[in-house]
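Chains as they are written, first to last, in my numbering: chain A, 467 to 534; chain B, 8 to 187. Virtual Cβ for every residue (Gly too), placed ideally from N, Cα, C. Single-structure report; data block below.
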């Protein structure tokens, strides 16, 4: 099969990166809640466990409390 | 955008946890870009969270001296997390990005007019050209131009020298501009 000649492939690939990054920023970026969970897990912000019922604790804590 | 490597360097000296939070926030876009096409879009946030935590826990042990080395190190962690994700589901790891999945994201961007027509056209052509290459070439070019990794880091990931990586990338590009 003969490939179509493509001008400046590097430029086009960089554009692909640009478009994908834009999509990430619009719909897939880290949410405040996710960032809050991570900050809590690495010890930047404390979580008052007594204030939270087990079911209300961030997913990350339910999964990882024992690992950290 | 702040220079993430300066932040990493500062964190290694100070151990400032708040700065660590900022670093994770800054690199989350790059980690997400790595994951797109390697795992289903809906599972990206979960896996990304695992990766960011792993990075946070290991960052004090990172010894690199450049931005490229830092991202390369992050992508090694991301690759392991992706493999783990597939293993848990008894699936073969997706070692190369799923180009159809990336094309779907580009098309979504076109529908929502989030990027210019020219950018969308170029992005479509980029996927077309990746599809026309053998998987190794597509992977090399993706790492070099989409993930923007340096030659040293690409070489390290492929078990070759930076010079060999440069030559392979150049050969891959050559097959495109020669018209096959």
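Say whether chain A places a C-beta atom closer than 7 Å to the C-beta of residue 84 of chain B. no
Are any of the Cβ atoms in chain A nearer than 7 Å to that of residue 21 of chain B? no
Can you tell me whether residue 482 of chain A is helix, strand or coil according to DSSP? helix
Give the residues of chain B in contact with residue 481 of chain A, contact being defined as C-beta atoms less than 7 Å apart. 126, 129, 130, 133
Coil, strand or helix - residue 1 of chain B by DSSP: There is no way to answer for residue 1 of chain B, as the model of chain B reaches only from 8 to 187.
Along the chain, where does the alpha helix (DSSP H) that runs through residue 98 of chain B open and close? First-last for residue 98 of chain B: undefined, no H or E at that position.
Option nearest residue 42 of chain B by Cα separation, candidates A/499, A/478, A/486: A/486
What do you reckon, are the CB atoms on residue 152 of chain B and residue 480 of chain A nearer than 7 Å? yes
Which value, in whole angstroms, describes the spacing of the CA atoms of residue 492 of chain A and residue 176 of chain B? 31 Å
Quick one: what does DSSP say residue 504 of chain A is sitting in, helix, strand or coil? helix
What runs of the beta strand (DSSP E), each 3 residues or longer, lie entirely inside the segment 41 to 90 of chain B? none
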